[in-house]
Amino acid sequence: MEMDREDQNSSKLDSLSMSSIPDSDCSPSDCSKTSSSVYSNDWPQKSSIISTTVSSTSSATSNRKPDGKMKIKTLCLLGALLPGIGCYFCVCYTYLFQFDRVLNFTSTNCPDVMSIFPPISYSIGVWKPQKYVWLIVMALHMPPRFLYGLAYKNQYTYGQSTHKQLWWFDWLVKFHLRLMIIESMGLILVSVIDIESSFIIHAASYALWITCLNFNMLFNTILQHYSGIKELTENHKTTFYIKCTLFAFAYPLSVSTGFSYGTYLAYCNGFAYAAFSVAEYIIVGINSAFYFTLIWELKGSCMEIHVRHDSPAFRNDVQA
């Protein structure tokens, strides 16, 4: 009975299999050997390819060079690690080279309250040259970050779990994908519209970003558990527990920022203001670390993109 089940799973994987290509050999010509987003049947012992097809139809991708590709390592470095390092660089620059500004810092809402822990919004959005550094970081960070959802969506398909057949699983995957885009948009708004230009819009954008961040961390761990990929490798099991730990710290810290900042606005309390800022500093690191775990979950993989123009409408326009 067990042998029949193994043969069944093996044949299921064989129908989706492809040649395993080492990450170092993942050239465009090699990547084009596969036409759909699948892993090799001997995964995870060998490297594999994620092929994301941007197509006007659901047909298979032709055997040609991809229009673009990115290693998962590059995706994680730019999409997760870079913003964390960039943000901490801006904060450290402030303390190292503009410490007088920190010592004399007061906010516009409570000018009598001084704090040696200014919110991150000032380091990345108001004070220069940190502001320009952060905008460069965002420009490098956002393109790969928008691809993150596709990598997660692809990964969830390879676990063996009956929960994947339930209606809520597919719905949650799609909702999680869209929420990751909204999270990125919230971060863009926080970065572009600084706290002094428009406090209300900046505050609303921060609330949008941090709310989406927490829900995305929650949905990510739920989907990793119920998709069955947690049991695929030791890496997946380890990253699952790391993510749960990070979320256990991020959620109360995120909630605390709402209470601490509200207390500060209501009573001009300096301690509440400092608590808000310190919580922000920690959340940035947790956010970066959470998404960076993808580098171990899809170790040695790369993503490729095929843009196809095979719709009847396009062909008619070309032939006209």
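Using my numbering, read the sequence shown as starting at 9 and increasing by one per residue. Built from N, CA and C at the ideal position, the CB exists for glycine as well.
Taking Cβ to Cβ, would you say residue i is nearer than 9 Å to residue j?
i, j, result
"LEU216", "LEU180", "no"
"VAL121", "GLY293", "no"
"PHE298", "LYS238", "no"
"GLN173", "LEU306", "no"
"LEU83", "MET225", "no"
"THR102", "VAL110", "yes"
"PHE1", "HIS171", "Shown here, the chain extends from 9 to 328; a query on residue 1 therefore has no answer."
"SER268", "TYR249", "no"
"LEU254", "CYS220", "no"
"ASN222", "ALA256", "no"
"HIS210", "ILE218", "no"
"GLY167", "GLY236", "yes"
"PRO152", "GLU288", "no"
"LYS77", "ILE303", "no"
"VAL286", "PHE113", "no"
"SER213", "PHE154", "no"
"CYS79", "SER309", "The displayed chain sequence assigns Lys, not Cys, to residue 79. Contact flag set, yes."
"VAL145", "LEU104", "no"
"GLY94", "PHE300", "no"
"LEU240", "HIS149", "no"
"TYR275", "SER169", "no"
In the structure shown, what three-state DSSP assignment does residue i receive?
i, result
"HIS314", "strand"
"LYS136", "coil"
"THR301", "coil"
"SER59", "Because SER59 sits at a pLDDT of 44, beneath the cut-off of 50, its placement in the model cannot be relied upon, and the following sentence gives the value as read from the coordinates. Strand at SER59."
"ILE196", "helix"
"PRO320", "helix"
"GLN168", "coil"
"GLY236", "coil"
"ASN228", "helix"
"GLN106", "coil"
"LEU158", "helix"
"LYS73", "coil"
"GLU204", "coil"
"ILE291", "helix"
"THR247", "helix"
"ILE260", "Inspection of the sequence shows that residue 260 is occupied by Pro rather than by Ile. The answer is helix: DSSP assigns PRO260 an H, G or I state."
"SER45", "Because the pLDDT of SER45 is 39, which lies under 50, any placement of that residue in the model is unreliable, and the number read from its coordinates should be weighed accordingly. Coil, per DSSP."
"ASN277", "coil"
"THR241", "coil"
"PRO151", "helix"
"PRO127", "coil"
"LEU86", "helix"
"LEU254", "helix"
"LEU174", "coil"
"PRO30", "Note on PRO30: pLDDT 42, under 50, position unreliable in the model; the coordinate value appears next. It is coil, neither helix nor strand."
"LEU216", "helix"
"LEU143", "helix"
"LEU306", "coil"
Who pairs with residue i in a beta bridge, going by DSSP?
i, result
"MET122", "THR114"
"MET78", "MET311"
So, under 8 Å CB-CB, residue i and residue j are touching, yes? Tell me the CB distance rounded to an integer number of Å.
i, j, result
"CYS100", "TYR272", "That belief does not hold up - the Cβ atoms of CYS100 and TYR272 are roughly 24 Å apart, past 8 Å."
"TRP135", "GLN106", "7 Å"
"ALA88", "SER262", "About 18 Å separates the two Cβ atoms, so there is no contact after all."
Answer with yes or no whether the minimum CB distance from residue i to chain D is below 9 Å.
i, result
"LEU85", "Of the chains in the structure shown, none is chain D; there is only one protein chain."
Quick check: the region 125-134 against the region 69-89, are there 3 or more CB pairs under 8 Å? no
Whether or not the region 198-218 and the region 147-162 are in contact is what I'm after, with contact meaning three or more pairs of Cβ atoms, one per stretch, closer than 8 Å; do they touch? no
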